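Beneath this line is the structure, given in structure tokens, with notes to follow.
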Amino acid sequence: MTPILELAAVHAGYGPTSVLHAIDLRVEAGAIVTLLGANGAGKTTTLRAVCNMVVKTRGEIRLAGERIDGMATESIVRLGVAHVPEGRGTFESLTVEENLRLGAHVRRDFAEGFDRAYGYFPRLAERRRQQAGTLSGGEQQMLAIARALMMRPRLLLLDEPSFGLAPKIVEDIFRILAAVNRDEGTSLLLVEQNANLALGIASQAFLLETGRVVMSGPASQIAGDASVRRAYLGL
Amino acid sequence: MREFLHQLLSGLASGAVYASVAVALVTVYKTTHHVNFAQGEMAMFSTYLSWMLISAGLPYWAAFLVTLALSFAGGLLIHRLIVQRVANQPVLTVVIVLIGLVVIFNSLAAWIFGSSIRAFPSPFPASAWYGSVFLSPHEVGMIGVTFVALALVFAFFRYTHLGLAMRAAAENPTSSRLVGIRVDWMLALGWGLAAIFGAVAGMMAAPLVYLEPNMMSGVILYGFAGALLGGIENPWGAVIGGFAVGVLENLAGAYVVGTEIKLAVALVIIITVLVFRPTGLFGRRVVARV
Amino acid sequence: MRRASLIGILLLIAGAAPFLVSGFHVFQLSQVLVYAIALVGLNLLTGFNGQISLGHGAFYAIGSYTTAILISHEVLPYWAAVPIGGAVGFVVGFLFGLPAVRLEGIYLALATFALADATPQVLKHRRLEFLTGGVQGIVLDKPDAPGGLPLDPDQWLYLFCLAFTIVLFAMAWNLVRSRTGRAMIAIRDHPIAAATMGIHTSRVKALTFGVSAGYTALAGGLGALITGFVSPDSFTFFLSIDLIVGVIVGGIASILPMLFGAAFIEFTPTLASQISDAAPGAIYGAILIAFMIFTPRGLAGLLGRRFGRATKGAGT
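Protein chains in written order, with our numbering: chain A, 31 to 265; chain B, 345 to 634; chain C, 82 to 397.
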């Protein structure tokens with residue numbers, strides 16, 4: 031089966047500086063893959079490279095076998111890639127419902143989309159007419175994910191969904207992500223600093239250090255590795 | 345007192361033109377963060393187009409609507425073909441491109457249509473029930489048409505999906521791309537809409553200032569001042585700012601200095617306001633995170 | 082090519098020029114030098130200090146009229162009237178710059194544009210006619226070369242302008258490399274950081290405005306001399322637009338390329354009308370747009386950092 035996402039020898043960065051060096055990465059269709067590493071390792075840059083939001087200097091990026099490097103961000107998105115960025119990227123002056131509506135910009139199946147989104151996140155239904163900028167951190171994260179789900183993506187990229195959130199909310203979100211993967215077959219590429227959590231739902235993991243992949247394999251294997259446990263799992 | 349009321353209301357009438365131009369400028373600014381210095385010349389060109397259609401026999405309102413459609417297309421194309429190419433360059437580079445457009449439109453208009461001053465018809469009769477000794481029917485009509493245009497655009501932005509997408513693209517282009525919005529086309533649409541407002545301003549002003557290639561050169565500055573007075577990102581502020589400038593200009597001209605330097609006086613007043621409220625009357629202070 | 086050798090060659094050509102061409106062309110070359118000085122002034126403010134001015138034509142006018150009035154009312158000889166014109170421009174610029182520090186970006190652009198737009202009207206005003214000569218303006222006699230040198234007035238005036246150009250370019254070059262110059266650039270790029278480093282932002286910005294206006298006013302004074310007259314309609318807002326065009330075409334935050342910008346604004350309109358008699362403006366506009374598409378950072382951008390000083394961040 032063709033992997034849903036494949037990065038081959040990708041070098042990328044911001045302007046003339048290279049952040050990623052020869053990154054090889056793949057996400058099998060229907061899998062949850064996590065990208066781990068310390069701050070500055072290049073995890074966010076990797077996600078951005080997939081959506082062509084950074085300068086890619088070398089390598090190939092394929093979505094379900096088709097090359098997408100060089101395409102405009104919005105065209106990549108229209109092929110079924112949803113990206114929940116660092117900082118969530120909600121439209122703060124618009125309402126919750128308007129944010130979700132924009133998530134369905136490509137599909138235009140608003141009614142079904144709303145049903146599904148509010149089904150996963152009932153809290154958002156209560157706040158549908160509220161301005162997004164006034165939501166709490168956890169609610170904004172839910173909104174960002176819900177907006178991404180409105181597009182029924184083949185591949186969902188998530189950049190640190192647990193950042194700054196209370197443990198209970200994070201638990202809820204991860205439960206929902208697992209459900210989405212299971213019930214809708216959406217592949218996930220998850221960047222997380224919280225390695226424990228990520229390795230809990232992922233099937234594969236990649237470890238980045240200063241822009242290179244230093245370790246990769248099944249999640250359980252990575253979780254069991256002694257050096258990883260010491261450096262990233264606090265054990 | 346009568347005289348004052350007359351000047352006030354007259355100011356509102358010219359204010360309607362400035363408000364239209366101000367809204368056009370704010371529309372472009374909100375979507376692209378550039379001030380379209382060429383808005384006035386584009387409006388002038390649109391007005392000439394409508395004059396050609398009317399001269400060819402088309403009834404006024406038909407010509408009006410066709411002109412709006414053509415102006416929309418024109419604005420869109422100019423953005424896609426020319427302005428887009430320098431979109432990522434320093435702001436002053438874009439300013440020079442816009443200046444280039446000003447010069448091109450002005451020169452083309454003089455060449456194609458000639459520089460002679462022409463009369464332009466008003467769709468409103470010389471005397472009607474809604475006219476009065478304070479405001480001619482045309483002036484009342486001007487204000488009415490402006491408000492209708494504003495209401496339609498407001499409804500467009502508020503209630504349609506495309507309007508929502510344009511608002512999103514203006515607020516956060518990156519996030520907009522991440523939901524699949526083609527941001528470049530949204531910018532071009534912004535230019536198209538702005539061109540419509542410019543055309544409305546031109547066609548409403550022409551019966552009063554007469555049709556000639558330089559007809560909008562004074563108007564653009566007042567429109568700009570009105571947009572800034574209201575706060576450059578705020579369409580409602582632009583409306584109020586435009587009307588305020590119109591009234592200010594008229595009152596200054598009548599009571600203070602006479603018509604010669606009323607322009608300077610009006611601008612001095614506006615600049616004084618900006619010194620005390622640098623983001624305009626209704627603008628939001630942007631707090632910069634260091 | 083080393084910069085010193087290039088400057089040497091330029092000086093040689095510049096010195097020889099008035100003897101190689103005739104009458105009207107000498108005047109045109111003088112006008113190029115005059116514009117170049119004005120452009121350096123504007124670039125100090127807009128390119129190096131980040132304050133956009135769409136109204137520098139007003140300062141040019143102030144310098145022109147001050148010089149013309151001093152000469153025609155026989156208050157000062159021409160060679161003193163020009164620097165005084167510059168000084169008046171400095172003072173007015175500084176006074177304008179003080180409240181203007183509160184205005185950013187487009188708001189400042191509007192304020193300066195208003196200044197430029199109002200200038201012809203003020204110059205025509207009845208109450209000032211005794212000074213300004215009203216709509217008709219003031220006519221000046223071109224001075225003869227001193228000490229009986231074998232030069233005609235146009236040639237002498239050219240060399241007079243050249244002397245000022247060399248001195249003022251050198252001063253500007255030194256300014257941008259000095260502490261004050263670095264402060265100006267810091268304010269342009271990171272105003273908040275500059276303030277936290279102890280740079281007195283308002284003072285530097287207002288002073289830069291003054292210096293910039295002074296340069297342009299002095300240029301205006303020279304301009305009055307070489308043209309032989311001043312009138313309100315010579316100083317419409319088109320002049321201000323021309324100046325900003327010259328700065329961008331030459332290159333933001335550069336000094337030597339201002340000569341190119343000056344040549345552009347002096348000769349391109351004529352070139353345009355030669356290409357099309359009927360719609361010269363359309364050609365000129367098209368040339369402008371083409372320049373911006375292909376050389377968005379002007380000549381200095383093309384040449385890289387060799388002649389453009391600290392262009393990073395400028396004009397953005």
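All C-beta atoms, glycine included, are put in the ideal place defined by N, C-alpha and C.
These numbers come from a predicted model, not from an experiment.
Around the C-beta of residue i, are 16 or more other C-beta atoms found within 10 angstroms, so that it is buried, or is it exposed?
i: A/Lys198; result: exposed
i: C/Thr397; result: In this prediction, C/Thr397 scores a pLDDT of 41, lower than 50, which makes its location untrustworthy; the coordinate-derived value is nonetheless stated afterwards. C/Thr397 should be labelled exposed.
i: B/Gly359; result: buried
i: B/Thr616; result: exposed
i: A/Tyr262; result: buried
i: B/Ala382; result: buried
i: B/Ala495; result: exposed
i: C/Thr147; result: buried
i: C/Arg378; result: buried
i: B/Phe468; result: buried
i: A/Arg159; result: exposed
i: C/Asp198; result: buried
i: C/Phe348; result: exposed
i: B/Met548; result: buried
i: A/Thr32; result: exposed
Can you tell me which residues form a DSSP beta bridge with residue i?
i: A/Met275; result: This structure does not reach residue 275 of chain A, given that chain A is present from 31 up to 265, and the question cannot be answered.
i: C/Tyr146; result: In the DSSP output, where bridge partners are listed per residue, C/Tyr146 has none listed.
i: A/Thr47; result: A/Tyr44
i: B/His378; result: Note: B/His378 sits in no beta bridge, so no partner.
i: A/Lys86; result: A/Ala42
i: A/Glu96; result: A/Leu93
i: A/Phe144; result: BP columns for A/Phe144 are empty, so no partner.
i: A/Gly67; result: A/Leu238
i: A/Leu185; result: A/Val111, A/Ser217
i: A/Gln161; result: A/Thr125
i: C/Phe310; result: C/Val220
i: A/Leu35; result: A/Val57, A/Leu93
i: A/Ile62; result: A/Leu218
Please state if the CB of residue j and the CB of residue i are separated by a distance shorter than 9 Å.
i: C/Glu121; j: C/Ile307; result: The question names Glu, but residue 121 of chain C is Val in the sequence shown. Taking 9 Å as the Cβ cut-off, C/Val121 and C/Ile307 do not qualify as a contacting pair.
i: C/Ile133; j: C/Gly186; result: yes
i: B/Val370; j: B/Ala582; result: yes
i: A/Leu15; j: A/Gly143; result: Residue 15 of chain A is absent from the structure shown; chain A starts at 31 and stops at 265.
i: B/Gly444; j: C/Tyr365; result: yes
i: C/Val182; j: C/Ser283; result: yes
i: A/Ala112; j: A/Ser233; result: no
i: C/Ile266; j: C/Asn124; result: no
i: C/Gly218; j: C/Ser312; result: yes
i: B/Gly593; j: B/Ile461; result: The amino acid occupying residue 593 of chain B in the given sequence is Glu; Gly does not appear at that position. No. Outside cutoff.
i: B/Val447; j: C/Gly362; result: yes
i: A/Arg182; j: A/Gly110; result: yes
i: A/Val40; j: A/Ile106; result: no
i: A/Ala141; j: A/Tyr148; result: no
i: B/Gln433; j: C/Met373; result: yes
Please check if any C-beta of chain E sits within less than 9 Å of the C-beta of residue i.
i: A/Thr216; result: The structure shown contains no chain E; its protein chains are A, B and C.
Closer than 8 Å between beta carbons: that is the criterion. Which residues of the stretch 102–116 of chain A meet it against chain B? Here the close residues are Ala102, Thr103, Glu104, Val107, Arg108, Ala112, His113, Pro115.
Evaluate the contact criterion for the stretch 264–279 of chain C versus the stretch 157–174 of chain C: three or more CB pairs, one atom per stretch, below 8 Å. no
Would you call the stretch 240–258 of chain A in contact with the stretch 214–224 of chain A, where contact means no fewer than 3 C-beta pairs closer than 8 Å? no
Any C-beta of chain B within less than 8 Å: which residues of the stretch 122–134 of chain A qualify? Per Cβ criterion, the list reads Glu122, Ser123, Leu124, Glu128, Arg131, Leu132, Gly133.
Does the stretch 506–515 of chain B come close enough to the stretch 373–385 of chain B to have 3 or more Cβ pairs within less than 8 Å? yes
Just by C-beta distance, which residues in the stretch 568–598 of chain B are closer than 8 Å to chain C? Phe568, Ala569, Leu572, Ile576
Please identify, using Cβ separations under 9 Å, the residues of the stretch 511–538 of chain B that lie next to chain A, in order along the chain. Arg511, Ala512, Glu515, Asn516, Thr518, Ser519, Ser520, Arg521, Leu522, Val523, Gly524, Ile525, Arg526, Val527, Asp528
Can you find at least 3 beta carbon pairs, one from the stretch 135–149 of chain C and one from the stretch 316–334 of chain C, that sit closer than 8 Å? yes
Across the stretch 251–267 of chain C and the stretch 281–300 of chain C, are there enough close Cβ pairs to call them in contact, namely three or more that are closer than 8 Å? yes
Which residues, in chain order, does the stretch 176–198 of chain A contribute to contact with chain B at a C-beta distance below 9 Å? Arg177, Ala178, Met180, Met181
Counting only Cβ-Cβ distances shorter than 9 Å, please list the residues of the stretch 69–102 of chain A near chain B, keeping chain order. Cys81, Met83, Ala102
Taking 8 Å as the threshold, find out whether the stretch 413–420 of chain B comes into contact with the stretch 537–551 of chain B through three or more Cβ pairs. yes
Along the stretch 364–377 of chain B, where does the CB come closer than 9 Å to a CB of chain C? Name the residues. Tyr373
For the stretch 447–478 of chain B, which residues have a CB atom closer than 7 Å to at least one CB atom of chain C, in sequence order? Val447, Ile448, Asn450, Ser451, Leu452, Trp455
Is the stretch 103–111 of chain C touching the stretch 230–240 of chain C, taking contact as three or more C-beta pairs under 8 Å? yes
Counting pairs of Cβ atoms below 8 Å between the stretch 393–412 of chain B and the stretch 539–550 of chain B, do you hit three or more? yes
So, does the stretch 51–71 of chain A touch the stretch 209–217 of chain A, judging by three or more C-beta pairs under 8 Å? yes
Mind listing which residues of the stretch 491–508 of chain B have their C-beta closer than 9 Å to chain A's C-betas, in chain order? Residues of the stretch 491–508 of chain B that bring their beta carbon within less than 9 Å of a beta carbon in chain A comprise His505, Leu508, in sequence order.
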